[in-house]
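Following: one structure in structure tokens, then a few remarks.
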Amino acid sequence: MSISSQVCVPPKDVGVAAAIRRRAPRFRRLFAAILGVGVLSAGGWVLVGNDRGLREGPNSGPVPADHAVVRRGGFKITTVASGRLEARRQVEIRSGLDTRSNIVELTAEGTAVKKGDLLMRLNTDEISQSIRAEQLAVTTARADSVAADNAYEIQVNENESKLRQSLSKVKLAELALDQWRQGDVEKKKRELALAIEKTARDFDRLKEKVETSRRLWERGFLSKDEYQRDQIALTEARSAAQAAVLDQQIYWDFKHPEEQETRTSALEESRAELERIKMNNQIELTSKDSARVTRRTQLEIREARLAELEKQLEAATILAPVDGLVVYAFSMGLGWRETPLQVGQPVYRNELVMVIPDTSEMLASVSVQESLASRIAPGQRADLRIDAAGGRDFGGVVESLGVLAESEDGRDQTRLYKVKIALDAASAAGVALKPSMRVDATITLGRADDVLVVPLQAVFHDGPLCFVYERRGRDLSRTPVTVGRISSSSAEITAGIGDGARVLVREPRADERPDERWDLAALASLGFTLDEDGRPVSPSGDPPPEGGAAASPPGTGAG
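With the sequence shown counted from 1, adding 67 to any position gets you this note's numbering.
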């Protein structure tokens, strides 16, 4: 498992090392003494004897038993799991009916079948009756759909007709208004002006005539009656001139606004009627379209239901999809049945009734603990041992990891993930392997080569920060490090400390506690900073756990 190069997550499944950290200090000292007997070269680090048997370190002389030297080397990480064999291409035969149905015909278990051979036939009386009823419903729904389509087309034609009529009314109202503005008003304007001019000239003419008649009457050349008639004509002309001016004023003050309002209102009303018709057309068309869609949907539902029933009728006859041997699910411990299948027994929806395994290519299905799931990946190598095959060993490759964890039984709190391992064809050739054979698998989780390695118990944690107690002469120093991959006993160091450094593999005693202050430059080189309480903060901004060292896992104190 790889640990983030920036944030150190305390390992949860580090095996012996984690177990030892949870024990009393007395056991830790005993373990350190045992480790001091020799050199664990595979882990890339050195532990040597106690003060009576010292070995020279590369930098500053002998290495005590409770110290280790950082070395460049490698280590292999594995885990063990158990399970059973299963066929890669195992074909499951399930009931395809949505309802319960009784078995009418059944092929005996152990029968060799060819693709297309009958495996099982279920009762179809209820399905056949439902099909006949649904056929009538489909016919009715189809007629309703056709009627709704026709109603929609009729509504489209009606909408077009109403829209044309309304547009014509608007056009006529616009023409009437333009005719009045550009024709009738101009004509009336000229008529009124002409009447004023005519009456004014007539008045001036009669005025001169009356003056002439007066002089003639005074001289006795014109009778008084003629003179008076001329005066009357002048009075009439004066009245006519005044009436012409009044007519013009009345027209512009009253008649013209009245006619303008009448024609403008007629145009606006025709336009409003056009908008009402458009809106009403949209409402009517939407209603008809909704009815049409509803009828079509009802027809589609009915047709789909009929098709499903016909499919159910076909699914009642179960045929072999491949060549193989008939095995009842009961015989493989699958399903809920306590007795083998028999004619007349009920079969339920999607019930697994048979299996046709292909034993030419087998898989190992093993279970690993939930804590290891993140370390399992397709492509990892595995060594398999099958007792039923004479205890032979087989090679394999991890193919997949289960999506969800599951328990061995309802009361067990242990969560397990299923891992599928493909057997190497070469190692399995000629071996009669069968489903359900027990298998033990050793999965290689990874390998770290040519890396700096320290004992896992030398790595401590302060919140998100990993560090080691580095021996510098007679002093101890808390040195921040970046941890890469780990095994049950070793840890890869990717940054923070160099080859040949000496580190403490236990917590310091009270008389050798190092300086509690962090080296800010060392923290910064790994991308860490200190918060206002002086605790390391990861680059992602994650604060250390509440409670400091008390919140760290047992044995991984914050120093």
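Yeah, the Cβ is synthetic: ideal placement off N, Cα and C, and Gly gets one too.
Buried or exposed for THR191, going by 16 or more other Cβ atoms inside 10 Å?
As a working note, residue 191 is residue 124 in the sequence shown. THR191 is buried by the Cβ-count criterion.
Can you grab the Cα-Cα spacing for the pair LEU114 / ASP133, in whole Å?
Here residue 114 is taken as the residue at index 47 of the sequence shown, counted from 1. Here residue 133 is taken as the residue at index 66 of the sequence shown, counted from 1. In this predicted model, LEU114 has a pLDDT of only 39, less than 50, meaning its place in the structure is not dependable; the value taken from the coordinates is given anyway. Taking the straight line joining both Cα atoms gives about 8 Å.
With burial defined as no fewer than 16 other Cβ atoms inside 10 Å of the residue's Cβ, what is the status of ASN217: buried or exposed?
Taking the sequence shown and counting its residues from 1, the one referred to as residue 217 is at position 150. It counts as exposed.
Between the C-alpha atoms of LEU283 and PHE321, what's the straight-line distance to the nearest angstrom?
Translated into positions along the sequence shown, residue 283 becomes position 216. Translated into positions along the sequence shown, residue 321 becomes position 254. Looking at the two C-alpha atoms, the distance is approximately 46 Å.
Consult DSSP for GLY105 and reduce its assignment to one of helix, strand or coil.
Against the sequence shown, residue 105 aligns to sequence position 38. No answer about GLY105 holds up, because its pLDDT of 30 lies below 50 and its placement is not dependable.
Expressed to the nearest angstrom, what Euclidean distance is found between the alpha-carbon atoms of VAL420 and MET429?
Taking the first residue of the sequence shown as position 1, residue 420 is located at position 353. Taking the first residue of the sequence shown as position 1, residue 429 is located at position 362. The alpha-carbon atoms of VAL420 and MET429 are separated by roughly 22 Å.
Across which residues does DSSP place LYS632 in a beta bridge pair?
Outside the shown range of the chain (68 to 626) lies residue 632, about which nothing can therefore be said.
Starting from VAL521, trace the beta strand (DSSP E) both ways and give me its first and last residue.
What you label residue 521 is simply residue 454 of the sequence shown in a count that begins at 1. Start and end: 505–522.
Let's test the definition: count the other Cβ atoms within 10 Å of the Cβ of LEU376 and tell me whether it reaches 16, buried, or not, exposed.
By 1-based counting over the sequence shown, the position of residue 376 is 309. Buried: at least 16 other Cβ atoms inside 10 Å.
Count the other CB atoms within 10 Å of the CB of TYR627; is the residue buried (16 or more) or exposed (fewer)?
The question about residue 627 has no answer, for the chain in this structure spans 68 to 626.
Do ARG448 and ARG459 come within 9 Å of each other at the CB atom, strictly closer than that value?
For the purposes of this step, residue 459 is taken as the residue at position 392 of the sequence shown. For the purposes of this step, residue 448 is taken as the residue at position 381 of the sequence shown. No. Outside cutoff.
Nearest by alpha-carbon distance to LEU189: which of ALA179, ASP165, ASP586 and GLY183 is it?
Residue mapping note: residue 189 aligns to position 122 of the sequence shown, counting from 1. It is ASP165 whose Cα lies nearest to the Cα of LEU189.
Per DSSP, which residues does LYS485 bridge with? Please list them.
Stepping through the sequence shown from its first residue, residue 485 is reached at position 418. Looking at the DSSP assignment, LYS485 forms a beta bridge with SER434.
For GLU336 and SER233, which I take to be in contact (beta-carbon distance under 8 Å), what is that distance rounded to the nearest angstrom?
Counting from 1 along the sequence shown, the entry for residue 336 is found at position 269. Counting from 1 along the sequence shown, the entry for residue 233 is found at position 166. Contact flag wrong, Cβ pair sits at about 11 Å.
Can you tell me whether DSSP reads ASN347 as helix, strand or coil?
As a position in the sequence shown, residue 347 is number 280, starting the count at 1. Looking at ASN347 - three-state DSSP - the assignment turns out to be helix.
Quick check on the DSSP output: the alpha helix (DSSP H) that includes GLU303 runs from which residue to which?
Taking the first residue of the sequence shown as position 1, residue 303 is located at position 236. From DSSP, the alpha helix (DSSP H) with GLU303 extends over 291–317.
DSSP on ILE564, reduced to helix/strand/coil?
To locate residue 564, count along the sequence shown from 1; it is residue 497. In the structure shown, ILE564 sits in coil (DSSP, three-state: anything other than H, G, I, E or B).
Mind checking who ALA135 pairs with in its DSSP beta bridge?
The count along the sequence shown starts at 1 and reaches residue 135 at position 68. Bridge partners of ALA135: VAL570.
Identify, in the order they occur along the chain, each residue of the same chain with its Cβ nearer than 8 Å to the Cβ of ARG482, setting aside the five sequence neighbours on each side.
Mapped onto the sequence shown, residue 482 falls at position 415. The answer, listed in chain order, is GLN436, GLU437, ALA472, GLU473 and SER474.
Between ARG514 and PRO424, what straight-line distance do the alpha-carbon atoms span, to the nearest angstrom?
For the purposes of this step, residue 514 is taken as residue 447 along the sequence shown, with counting starting at 1. For the purposes of this step, residue 424 is taken as residue 357 along the sequence shown, with counting starting at 1. Roughly 36 Å between the two C-alpha positions.
Whether or not the stretch 292–305 and the stretch 198–209 are in contact is what I'm after, with contact meaning three or more pairs of Cβ atoms, one per stretch, closer than 8 Å; do they touch?
They do not touch, by the three-pair rule.
At 3 residues or longer, what runs of the beta strand (DSSP E) sit wholly inside the stretch 143–210?
Here the runs fully enclosed are 158–161, 168–173 and 185–189.
Can you grab the Cα-Cα spacing for the pair ASN347 / THR361, in whole Å?
Locating residue 347 in the sequence shown gives position 280, where the first residue counts as 1. Locating residue 361 in the sequence shown gives position 294, where the first residue counts as 1. Spanning the two alpha carbons is a distance of roughly 21 Å.
Beta-carbon separation of ILE344 and LEU230 under 9 Å?
Counting from one through the sequence shown, the residue named residue 344 turns up at place 277. Counting from one through the sequence shown, the residue named residue 230 turns up at place 163. Against a cut-off of 9 Å, the Cβ pair of LEU230 and ILE344 comes out as a contact.
Run through DSSP, which three-state label would ARG122 get?
If you number the sequence shown from 1, residue 122 lands on position 55. Any answer about ARG122 is weak, because its pLDDT of 37 lies below 50 and its placement is not dependable; what the coordinates show is given next. Coil at ARG122, not helix or strand.
Put ARG96 into one of helix, strand or coil per three-state DSSP.
Translated into the one-based positions of the sequence shown, residue 96 becomes position 29. Confidence at ARG96 is low in this model, with a pLDDT of 37, below 50, so the placement of that residue should be treated as unreliable; the coordinate-derived value is given next. Looking at ARG96 - three-state DSSP - the assignment turns out to be helix.
Rounding to the nearest angstrom, what Cα-Cα distance links GLU583 and ALA444 in this structure?
Here residue 583 corresponds to residue number 516 of the sequence shown, with the count starting at 1. Here residue 444 corresponds to residue number 377 of the sequence shown, with the count starting at 1. Going from the Cα of GLU583 to the Cα of ALA444 covers about 40 Å.
Can you give me the C-alpha to C-alpha distance between GLY563 and VAL548, rounded to a whole angstrom?
For this step, residue 563 is matched to residue 496 along the sequence shown. For this step, residue 548 is matched to residue 481 along the sequence shown. So the two alpha carbons sit approximately 4 Å from each other.
Buried or exposed for ALA100, going by 16 or more other Cβ atoms inside 10 Å?
On the sequence shown, position 33 is the one that residue 100 refers to. Because the pLDDT of ALA100 is 33, which lies under 50, any placement of that residue in the model is unreliable, and the question is left without a value.
Can the beta-carbon of PHE461 be found less than 9 Å from the beta-carbon of ASP450?
As a working note, residue 461 is residue 394 in the sequence shown. As a working note, residue 450 is residue 383 in the sequence shown. Their beta carbons are under 9 Å apart, which means PHE461 touches ASP450 by this criterion.
Tell whether a beta-carbon distance below 9 Å holds between ILE560 and GLY551.
Taking the first residue of the sequence shown as 1, we reach residue 560 at position 493. Taking the first residue of the sequence shown as 1, we reach residue 551 at position 484. Their beta carbons are under 9 Å apart, which means ILE560 touches GLY551 by this criterion.
Just grab the DSSP bridge partners of TYR536 for me.
Within the sequence shown, numbered from 1, the residue matching residue 536 stands at position 469. TYR536 pairs with ARG545.
If you draw a straight line from the alpha carbon of TYR318 to that of GLN309, how long is it in whole angstroms?
Here residue 318 refers to the residue found at position 251 of the sequence shown. Here residue 309 refers to the residue found at position 242 of the sequence shown. Approximately 14 Å, taken between the alpha carbons.
Count the CB pairs spanning the stretch 386–403 and the stretch 173–187 that are closer than 8 Å, and state whether there are at least three.
Short answer: they touch.
Grab me the residues of CYS533's own chain with a C-beta within less than 6 Å of its C-beta, minus the 5 sequence neighbours each way, in chain order.
Position 466 of the sequence shown holds residue 533. So the list reads CYS75, VAL526, VAL548 and VAL550, once near-sequence residues are dropped.
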